Amino acid sequence: MSLKAQISEDMKTAMRAKDSVRLGAIRLLQAAIKQREVDERIELDDSNVIAVIEKMLKQRRDSIAAYESANRHDLADVEKFEVTVLQTYLPQQLTEDEIKAILEKVVVDTGASGIKDMGKVMAEIKPLVAGRADMGKISGLIKTRLG
74 MSLKAQISED MKTAMRAKDS VRLGAIRLLQ AAIKQREVDE RIELDDSNVI
124 AVIEKMLKQR RDSIAAYESA NRHDLADVEK FEVTVLQTYL PQQLTEDEIK
174 AILEKVVVDT GASGIKDMGK VMAEIKPLVA GRADMGKISG LIKTRLG
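What follows is the structure in structure tokens.
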């Protein structure tokens, strides 16, 4: 079953269960997917849907930080719930050790020797970890490794 079909099925399940909070989060996801399809005039495959989900997760995390700094914990809680819903559609996340092993292999393969090679390493590692790790965290690990 494709990711889009799974999202549609989950939306139907949330409707039947009258789970309005979960339903709202799934509808936001479906709207973002549909918007991208209309904008680019394409049918999104699973990898593109994962990219949409990752973008939404980044937006949610930024919002959570802003809400918490403004002492709006009620709004932050809503965003946190949406993050948990969105994460269910991502593939199994990589462990810290798996990420470090992939990073080390990419550094050796690219011959990266310093922070100036960060872009080269990011370009190589991104397709290997897409949807399975937070790219912000990966960026920090690369800086630490090359710095």
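Numbering (this note's numbering), first residue to last: 74 to 220.
Note that beta-carbon positions come from the ideal geometry of N, C-alpha and C, so glycine has one too.
The structure presented is a predicted model; accordingly, all values stated were derived computationally and were not measured.
- Annotated as distal: A185 and L148, with beta-carbon spacing of 7 Å or more.
- Runs of the alpha helix (DSSP H) lying entirely within the stretch 83–141, each at least 4 residues long, are 93–113 in chain order.
- Judged by pairs of C-beta atoms under 8 Å, the stretch 194–209 touches the stretch 120–133, as three or more such pairs exist.
- Ranked by how close their Cα comes to the Cα of S120, the residues K199, E155 and K216 have K199 in first place.
- Comparing alpha carbon positions, the residue from D150, I215 and L102 closest to E169 is I215.
- Residue environment: I115 is assigned as exposed (fewer than 16 neighbouring CB atoms within 10 Å of its CB, all protein chains considered).
- Contiguous alpha helix (DSSP H) elements confined to the stretch 139–197 occur at 146–160 and 169–183, taking only those with 4 or more residues.
- A contact between stretches requires three or more CB pairs, one per stretch, nearer than 8 Å, and the stretch 175–184 fails this requirement with the stretch 94–105.
- Minimum Cα-Cα distance from V151 among the listed residues D207, P164, L101 and G187 corresponds to L101.
- With a cutoff of 7 Å on beta-carbon distance, M129 and A105 are scored as near each other.
- As the crow flies, the alpha-carbon of V194 is around 12 Å from that of G213.
- Here DSSP, grouped into helix, strand and coil, assigns M208 to helix.
- The beta carbon of E155 sits closer than 6 Å to those of A98 and R133, all from its chain and outside the five residues before and after it, given in chain order.
- A distance of 7 Å or more separates the beta carbons of T217 and E197.
- Leaving aside the five residues that flank K210 on each side, the residues in its chain whose CB is nearer than 8 Å to its CB run, in chain order, I172.
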